[in-house]
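Data first, discussion second: the structure below is written as structure tokens.
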């Protein structure tokens, strides 16, 4: 693709000596809305993180070019300042830092936005209203004690304030979370309106794409891009699942694909969510650890 | 040096005090250079060892007893020499061993033949044979396992000299100094580079004819890339009339080497156990401590790990059970003195029948320990309301990019848990024992099976209050 | 360690402060701290102002001489203490965090003695505000005694700061007796410039169902010695202490907290959070003492220390002493740098590691502003923040209480 905003060529990456991404080729056009889909474990979220320069992964080959600049060796913060943005599925908690302090600090990395003083306050108020964001959140510590939906709002708030050239949204778990989906949809609409930015939406549930004019669809299975087409590919996947891509993906694909279908996937999302909730409520351990009160987790 | 076949044959005159013209009479029971010289002479030691003993004695007289831990008033410090030389009027026979000790042997199912040995009143041939076999098969793998006194007369004398009390210098504390002056007996183990010992070496079988090994010195050197598991002690109580144990253990773990040091300390309940154990770990080396403290009247026990090489690590798993009449101050110390070092400490503490258990730890992360990772966890269980449990963990962190986490908790067995078990027909006593065994599980699962079983039996007895 | 003051150089006494109930190996250097106190002139009593809301009875005395004998206020406190002790049926000594020597020194060198009494069942929502505007070259010390009668509620704010060139010593000794069902909020803020020293001592006695919630915000001075001891003598008594601090340059922070849980079902909570930058040092000792008889008591301690300076050094001694089985005691401490996951997130939002560290440091001031009790406090925090961050600091809008 000519003059693509994001151009990934033969990208290979590993974590802990284990290869996760294989020969990825992917372009996102300027102003485009691209979707990255694939079954569980395909490596979609990983690709998002590698594009943003997450040091947990080692790039073993290939390149990432953003807005004409080779960013393959660039640190995360430099990529962010260059106009790249990644919204997380479960953003980490950062105790000790009030949300308001954090927002000010990240906005300061983008002087081109001119958001200072009154302008900043006005813009913040505007964005908070667009997302139906409660002011009381501002004094709370970043992501600490926020629900999933609230954390999503905080991610979207940052998206709208920073107006990045490319927004990579990792919505792989959004699944049936109606609130989260709403927030993201609204945010995308506002984002497109205010700065016509490009989007790469990572998902395996198509709900979120319902009212979006998707330009390109990329399909990923077992760490490889196995297909690419326009928006019609989304409908095909909805109807047939990812079975058809097994041959292209290679050996590992079978295990990844087995059990995929929209309904089953939806159920397993709920099951996974309720299991995670149950685990959080009663920490595992020897029987005695229940009897003896334990301190909060020391890291 | 031939191994005596029974305690009765040992030359007791070694410890007979000789009055000298210089008027030492007044200090009849004091620890004097003369006594120390005698000890050294009888062991036919090299000159440097005698010098070491004498220097230690001087230091001993200069240092004060600790003021921050349990009282050791019961130790007769003015007559410390009596601990060094057994009371010559003592009948060294089975009859003089207290009834409750004999009873415990019975309850723990200790074979008759071993009982005298444990009570310090007799040797037994079986253990000598086992020890001998252990030595031979270890040697077949290149591993030297012998008495340390013997080794001082052999090929490893220089090696021992290079290491002896370098890790625990006499200046460390008063009882390290005492140890330096009057130490006697103990194990020496040398594992050459790259050698992986297939099975654990056990100190229990190493004959110690002079009694319960009150001033034993253990020195273990594990060279680069080697691997050893050493087990000290046993669950049966070791009894001795002279009630001070001031032993010393020094462990040297080379680059990339691995040493697991397991102990079940169960000194009889008249004992003052002032033991010093320390390990030094080189680059990429690892030390694992597995420690069960059950006996003694008073204990001061803090195995210490000095992580001096990059990437060195230590793991400490321990349990302390303080019953009636016991004041056990135990824990561990770790010094992280190199980059990327790490340590994980997990201890459990039980108090019952008026016992006092104190968990005391000291973690020091020096300026050199960038990238250090530390986690300390201590859980204490109070088994009744007449006992005590204290947790005194200290952390000193002087490097920036580190991660140090600590957590501790204390409480009792939940009523709901007891009720649940009892509703299934289990008596309250059994239920408590079950819970406590579960509590002790992290330690018992690190021990070889027969030791784990012994430990569980010991816990059972402690829970019944059957051990005096 | 004998309890008498030691006299050193002409007119200097040295006192030992912050000795915890259970000590550890001396070589860890955590058992207590020596503070040298040169004898010098007291500050003008006018350097301390007290604003007392209506609803409270009070006595406000100016003092111009170092005193040894008990004052009228002392007698009032002693009487209240004895009364509270008698009514709750508990024995127990009066104890402060810094220790006997320090408490005696502070009481003897105070230039203002404020005694407050909240009458029985009186709820006073407005805070009593004591501002210590310390004088250079002098000792500016406030002695504040609080007696909260049964069922009363009140709030005390103490702010220590200085606008003067030079340095000196500022301090306060706060003694609180909370009778049955009384509730006291204590809010302390210290924003002294570099070069100053600060001694902050608190002693609390709680009767049945009494409660004290204390907040300590320590942002300034080159050496701060802070101690708080609470005797939770009463049944269902409760004490929480929330400490926030910032260490910078070569500053030293020295804390000692002691919660004596004697009353059944008593609740103690110690929380401390701080950031240590540059070459600052801090030692915090926190002791939860579950005494025999305090059935159903819960004592918790949590500490979080963020190290963002190469030469920063932290010492922590979180102790639980337990002589009772039907209790829950726990503590947790986390010490170290920003964790990699958090750092990764901040970097992906454009912050370099250095900027991330700066964010945490700045955030400590932002949070302090968030809980500032009034405009003056806010300004003091902003001034101190500007000095520490080396840039003009403006608090966030809408973040003051």
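Residue numbers (the numbering used here), protein chains in the order written: chain A, 1 to 299; chain B, 300 to 767; chain C, 768 to 1168. Glycine included, each C-beta is placed from N, C-alpha and C at the ideal position.
- Looking at the backbone, the Cα of residue 101/A and that of residue 708/B are separated by about 35 Å.
- In the three-state reduction of the DSSP assignment, residue 610/B falls in the coil class.
- Taking 8 Å as the Cβ-Cβ cut-off, the segment 1024-1056 of chain C approaches chain A at 1040 and 1042, given in chain order.
- Listed along chain B are 705 and 706, each with a C-beta nearer than 7 Å to that of residue 1099/C.
- Nearest neighbour of residue 864/C by Cα position, chosen from 956/C, 967/C and 812/C, turns out to be 967/C.
- Within the segment 564-593 of chain B, not one residue has a Cβ closer than 8 Å to any Cβ of chain C.
- Per the C-alpha coordinates, the member of 430/B, 645/B, 450/B and 627/B positioned closest to residue 342/B is 450/B.
- In the three-state reduction of the DSSP assignment, residue 1053/C falls in the strand class, which pools E and B.
- At a cut-off of 7 Å between beta carbons, residue 1108/C contacts chain A.
- With a beta-carbon spacing of about 5 Å, residue 979/C and residue 951/C fall inside the 8 Å limit used to define contacts.
- Using beta-carbon distances, residue 363/B does not count as an interface residue toward chain C, since no partner is under 7 Å.
- For secondary structure counted as the beta strand (DSSP E) over 3 or more consecutive residues, the segment 135-222 of chain A holds these complete runs in sequence order: 166-170, 198-202 and 216-221.
- Here the segment 570-579 of chain B lies against the segment 593-609 of chain B, with 3 or more beta-carbon pairs under 8 Å apart.
- At least one beta carbon of chain B lies nearer than 7 Å to the beta carbon of residue 1074/C.
- Non-local C-beta neighbours of residue 1090/C in its own chain, meaning closer than 6 Å and more than five positions away in sequence, comprise 1058 and 1059, ordered along the chain.
- Annotation: residue 810/C to residue 633/B spans about 47 Å, alpha carbon to alpha carbon.
- Within the same chain, 597 and 626 come within 8 Å of residue 370/B by CB-CB distance, once the 5 residues on both sides are set aside.
- From the beta-carbon of residue 696/B, the residues of chain C found nearer than 9 Å are 1072, 1074, 1079, 1080, 1081, 1082, 1083, 1102 and 1103.
- The beta carbons of residue 1035/C and residue 1070/C sit no closer together than 7 Å.
- Unbroken alpha helix (DSSP H) runs of no fewer than 4 residues, entirely contained in the segment 521-605 of chain B, are not found.
- Under the Cβ distance rule, residue 1144/C does not count among the residues neighbouring chain A, no pair being separated by less than 7 Å.
- The alpha-carbon separation between residue 189/A and residue 60/A amounts to approximately 36 Å.
- When the alpha-carbon of residue 503/B is set against those of 531/B, 487/B and 490/B, the nearest one is in 531/B.
- Counting only the Cα atoms, residue 545/B lies some 8 Å from residue 477/B.
- Looking at the backbone, the Cα of residue 650/B and that of residue 954/C are separated by about 39 Å.
- In this structure, the CA atom of residue 883/C is about 47 Å from the CA atom of residue 1121/C.
- The alpha-carbon of residue 1030/C is positioned some 7 Å away from that of residue 1003/C.
- Taking CB atoms only, residue 1115/C has a neighbour in chain A less than 7 Å away.
- Distance from the CA of residue 1117/C to the CA of residue 236/A, rounded to the nearest whole angstrom, comes to 38 Å.
- The beta carbon of residue 1088/C falls within 7 Å of a beta carbon belonging to chain B, placing the residue at that interface.
- In the structure shown, residue 678/B falls within a strand segment according to DSSP collapsed to helix, strand and coil.
- Fewer than three beta-carbon pairs drawn from the segment 62-73 of chain A and the segment 1096-1113 of chain C are found closer than 8 Å, and the two stretches are therefore not classed as touching.
- Nearest to residue 333/B by alpha-carbon distance, out of 458/B, 480/B, 462/B and 367/B, is 480/B.
- Taking the C-beta atoms as reference points, residue 24/A is found nearer than 7 Å to residue 8/A.
- The DSSP-derived three-state label of residue 750/B is helix.
- Listed by position along chain A, the residues whose Cβ is nearer than 8 Å to that of residue 1112/C are 88, 91, 92 and 94.
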